[in-house]
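**Student:** The structure's right below; bear with me while I get my questions together.
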DNA sequence: TGTTAGCACTCTTGCGACGAGAGTGCTAAG
DNA sequence: CTTAGCACTCTCGTCGCAAGAGTGCTAACA
């Protein structure tokens, strides 16, 4: 992203910037030249640090809350920090095994896995854990079931290769008795097993054109039912956990700021949109503060990584927190968690 | 509950108490004798009101934040108010049709119904809407499906008469191919259709004892699979919406109070327990402040009503808010919503 | 040219005082 | 039983003040 702006910085400038950001991340207080010089072992006087800080402020990496206060990082400053200043790029062995241990007990519980992942992420990060649940569109279907409810209302149940279950109510043009639904189900299953939904949709259209003559009444019906059942977008679901952690952050001591953020959390559809965009990035994504398009999200940072089932891209896991976030710890956490989830889902599907 | 304590109150005491509680509910400020006398058209002087207020305080219905402030209701005061002072016991026709209109578009969408009900409740009450999702144990089963996942892992999908879908992963002792699972599914369906899960469990045990000889290998397996699949508690799910509304309440201006409440909201299992208790009450339930057993819940009040599908008790809908809650408006809202949900679910199941 | 010490200046924060305002409790009279 | 009067209490906002932290600038130094 903004990575190559850093080439204009001298090594010492980089060190000072890193020191300030790290200090601010852990203290949440504007940091002054004096404490930088003292705490981070610089061999120069505070006055020198002050000059460097003034330069960094000119470059847009630091800001002052008011004239005679210390400096705090700007969103751009965090960006440079994340892209090229972070020191600890991975979890310790101990942390990894700790996460794995948390993982074990929930394995094989289907939906609960996602809930537990959010809990794990929020617990370790002391921020908000988030998971964009598997997108049914993309992953191979294992099985479909049709259950007649009442009148024209029927239930469609989809089971994916990764073991996720989705269902929706479909209203058909006519009343089809369960007997016939069973035959249709059988037929549909033979057609679509192992194929992801977005391909299934194409397939049904092709088949329909192909069999224009429609000698086979059952097939005709099955295709029609299939189109109804699989049409329309299958929206992803979002799991959040640890929102209460947010309230400990001093930047949200103001109840109104807090409130606007919680309103944003409740608008799941917007969150889905943001996470969907992260999904296309094909790797760990960081969105820092004002890089968020949505105004409500600008006090927040978001770190996400995609997870897979085999070759199927399923969704993302991530952490949401204030821009003043422990990037050095949370980035590897998210990365590792995504890998763990992928590994587990891949194993289970095979 | 504490209903008959009110008999010791004179009519004028009741009027004053009602006036104070209503005033406090809408203003959130301690209310003084002067404004009671003025705003609520009492024909006596503030001094007289003061005497009455002192009596009501002695009886435990009112309290003072500090010596020279107005009075605020105690939880006991609210209880009396709810049990015998509330004036407006029902929604207006306009409100009812407004709620019905909000309802229409989501009908027939299965799970989304519950989400929409929470949204509706929170929107109208400006508090937190809550729904305890259908308890699978109690409602008649329409259909069961078994899908083989991998190894010993199998997916059980239950569809209830009310159109709810539940699924869980079950690990069996042996690997059973899908072919045989299909036969088992058929057998199980013929056994359990139309029977609620808690009865199914008994039934399976009986059958097993009955067929001790076990000539029928398939039946033996089916019963065993059934026991695994339907055993264990099916925990209810909770939907919450509008938690951000809570932050507008002045009583939670203190961020720490706010936080402890949001932590409570995140502990869904405790919430399920509370709502489950409301379920046994067989009617509209109000839990006011300190009537809550759990410490974290004591700043909150809860109004719930059960909903049904035919004769099956499914779950509860409700509203959570601060003890200073618009009981007069929210009680009929919850009541009406529960009836609407029941009516809809009952119609759809037939 | 880069670094440093010194110094004046700015801005926040905490504290105590103070007065206004709201409301009570008590007493004594109607 | 009700009411007017009055002293008393407690909160809340404001103001001034001093302490503390940190900056920016200037001038001297290596």
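Protein chains in written order, with this note's numbering: chain A, 1 to 350; chain B, 1001 to 1350. Glycine included, C-beta positions come from ideal geometry on N, C-alpha and C.
What's the gap between the Cα of residue 44 (chain A) and the Cα of residue 91 (chain A)?
**Tutor:** Straight-line Cα distance between these residues: approximately 33 Å.
**Student:** Cβ closer than 7 Å: which chain B residues qualify as neighbours of residue 116 (chain A)?
**Tutor:** Those do not exist, as residue 116 (chain A) stays about 13 Å from chain B at its closest Cβ, beyond 7 Å.
**Student:** At what residue ranges does the segment 217-269 of chain A contain a whole run of the beta strand (DSSP E), taking only runs of 3 or more?
**Tutor:** Complete beta strand (DSSP E) runs here, min 3: 238-241.
**Student:** Taking all protein chains shown into account, decide if residue 212 (chain A) is buried (16 or more other Cβ within 10 angstroms of its Cβ) or exposed.
**Tutor:** By the neighbour-count rule (16 or more Cβ atoms within 10 Å), residue 212 (chain A) is not buried but exposed.
**Student:** My guess is that residue 1158 (chain B) and residue 1141 (chain B) are in contact by the Cβ rule of under 8 Å, so how many angstroms apart are they, rounded?
**Tutor:** So it is a contact: roughly 6 Å between Cβ atoms.
**Student:** Using a Cβ distance threshold of 8 Å, determine whether the segment 314-332 of chain A contacts the segment 286-301 of chain A, with at least three qualifying pairs required.
**Tutor:** Contact between the segment 314-332 of chain A and the segment 286-301 of chain A is present, because at least three Cβ pairs lie under 8 Å.
**Student:** Is the CB-CB distance between residue 95 (chain A) and residue 106 (chain A) below 8 Å?
**Tutor:** Against a cut-off of 8 Å, the Cβ pair of residue 106 (chain A) and residue 95 (chain A) comes out as no contact.
**Student:** Please report the straight-line C-alpha distance between residue 1136 (chain B) and residue 192 (chain A), rounded to a whole angstrom.
**Tutor:** Each residue's Cα considered, the two are about 30 Å apart.
**Student:** Please compile the residues from chain B whose C-beta is within a distance smaller than 9 Å of the C-beta of residue 270 (chain A).
**Tutor:** Result: empty, since nearest Cβ-Cβ is about 14 Å, beyond 9 Å.
**Student:** Could you name each continuous alpha helix (DSSP H) segment of 4 residues or more that falls completely within the segment 1098-1161 of chain B, going from the start of the chain to the end?
**Tutor:** Those alpha helix (DSSP H) runs which fall completely within the segment 1098-1161 of chain B and span 4+ residues are 1111-1125.
**Student:** Starting from residue 1244 (chain B), find everything on chain A with Cβ-Cβ shorter than 7 Å and list it in chain order.
**Tutor:** Residues of chain A passing the Cβ test: 259, 262, 263 and 266.
**Student:** Beta-carbon of residue 355 (chain A) versus every beta-carbon of chain B: anything under 8 Å?
**Tutor:** Coverage of chain A is limited to positions 1 through 350, which leaves residue 355 (chain A) absent and any answer about it impossible.
**Student:** Indicate whether at least one CB of chain B lies closer than 8 Å to the CB of residue 173 (chain A).
**Tutor:** No, its Cβ sits nowhere closer than 8 Å to a Cβ of chain B.
**Student:** Note down the Cα distance separating residue 1149 (chain B) from residue 1196 (chain B), rounded to an integer number of angstroms.
**Tutor:** C-alpha separation (whole angstroms): 26 Å.
**Student:** Starting from the Cα of residue 1119 (chain B), find the closest Cα among B:1275, B:1206 and B:1243 and give me that residue.
**Tutor:** Nearest C-alpha to residue 1119 (chain B): B:1243.
**Student:** Return the residue from the list B:1171, B:1162, B:1097 and B:1147 that minimises the CA-CA distance to residue 160 (chain A).
**Tutor:** For the residues B:1171, B:1162, B:1097 and B:1147, the minimum Cα distance to residue 160 (chain A) belongs to B:1147.
**Student:** When the cut-off is 8 Å and only beta carbons count, does residue 291 (chain A) lie next to chain B?
**Tutor:** Judged by the 8 Å Cβ criterion, residue 291 (chain A) is not in contact with chain B.
**Student:** With residue 1131 (chain B) and residue 1328 (chain B) assumed to form a contact (beta carbons below 8 Å), what rounded beta-carbon distance in angstroms separates them?
**Tutor:** Not really, about 22 Å apart at Cβ, beyond 8 Å.
**Student:** Use the C-beta contact count for residue 3 (chain A): other C-beta atoms within 10 angstroms, 16 or more gives buried, fewer gives exposed.
**Tutor:** Low confidence applies to residue 3 (chain A): its pLDDT is 43, below 50, so where it sits in the model is not reliable enough to give any reading.
**Student:** Please confirm whether residue 167 (chain A) has its beta-carbon closer than 8 Å to some beta-carbon of chain B.
**Tutor:** Chain B, which has a Cβ nearer than 8 Å to the Cβ of residue 167 (chain A), makes this yes.
**Student:** Considering only their Cβ atoms, is the gap separating residue 172 (chain A) from residue 1163 (chain B) smaller than 8 Å?
**Tutor:** Taking 8 Å as the Cβ cut-off, residue 1163 (chain B) and residue 172 (chain A) do not qualify as a contacting pair.
**Student:** Quick check on the DSSP output: what are the complete beta strand (DSSP E) runs of length 3 or more inside the segment 1260-1321 of chain B, in order along the chain?
**Tutor:** Correct list: 1285-1288 and 1300-1309.
**Student:** What three-state label does DSSP hand residue 4 (chain A) in the structure shown?
**Tutor:** Here the model assigns residue 4 (chain A) a pLDDT of 47, short of 50, so the residue's position is not dependable and the matter cannot be decided.
**Student:** For a minimum of 4 consecutive residues, which ranges assigned as the alpha helix (DSSP H) are wholly contained in the segment 13-66 of chain A?
**Tutor:** Qualifying alpha helix (DSSP H) stretches, in chain order: 33-39 and 46-58.
**Student:** Please name the residue in A:271, A:51 and A:86 whose C-alpha comes closest to that of residue 129 (chain A).
**Tutor:** For residue 129 (chain A), the nearest C-alpha among the options comes from A:271.
**Student:** Mark residue 1348 (chain B) as exposed unless 16 or more other C-beta atoms lie within 10 angstroms of its C-beta, in which case mark it buried.
**Tutor:** Buried, since its Cβ has 16 or more Cβ neighbours within 10 Å.
**Student:** Give the DSSP-derived three-state secondary structure of residue 332 (chain A) in the structure shown.
**Tutor:** Here residue 332 (chain A) sits in helix by DSSP.
**Student:** By the criterion of Cβ-Cβ separation under 8 Å, what are the contact partners of residue 1311 (chain B) in chain A?
**Tutor:** What residue 1311 (chain B) touches in chain A: nothing, since even the nearest Cβ is about 17 Å away.
**Student:** Just reading off the beta strand (DSSP E) that residue 1165 (chain B) is part of, what are its end residues?
**Tutor:** Looking at the DSSP string, the run of the beta strand (DSSP E) that includes residue 1165 (chain B) is 1165-1171.
**Student:** Would you please state the rounded distance, in angstroms, between the beta carbons of residue 50 (chain A) and residue 62 (chain A)? I believe it to be under 8 Å.
**Tutor:** At roughly 12 Å, the Cβ-Cβ gap does not stay under 8 Å, so residue 50 (chain A) and residue 62 (chain A) are not in contact.
**Student:** Grab me the residues of residue 1275 (chain B)'s own chain with a C-beta within less than 6 Å of its C-beta, minus the 5 sequence neighbours each way, in chain order.
**Tutor:** Counting only Cβ-Cβ distances below 6 Å, and skipping sequence neighbours, we find 1132 and 1316.
**Student:** Count the other CB atoms within 10 Å of the CB of residue 174 (chain A); is the residue buried (16 or more) or exposed (fewer)?
**Tutor:** Result: exposed.
**Student:** At the level of alpha carbons, what is the spacing between residue 1 (chain A) and residue 1122 (chain B)?
**Tutor:** Per-residue confidence for residue 1 (chain A) stands at a pLDDT of 45, beneath the threshold of 50, marking its modelled position as unreliable; no derived number is given.
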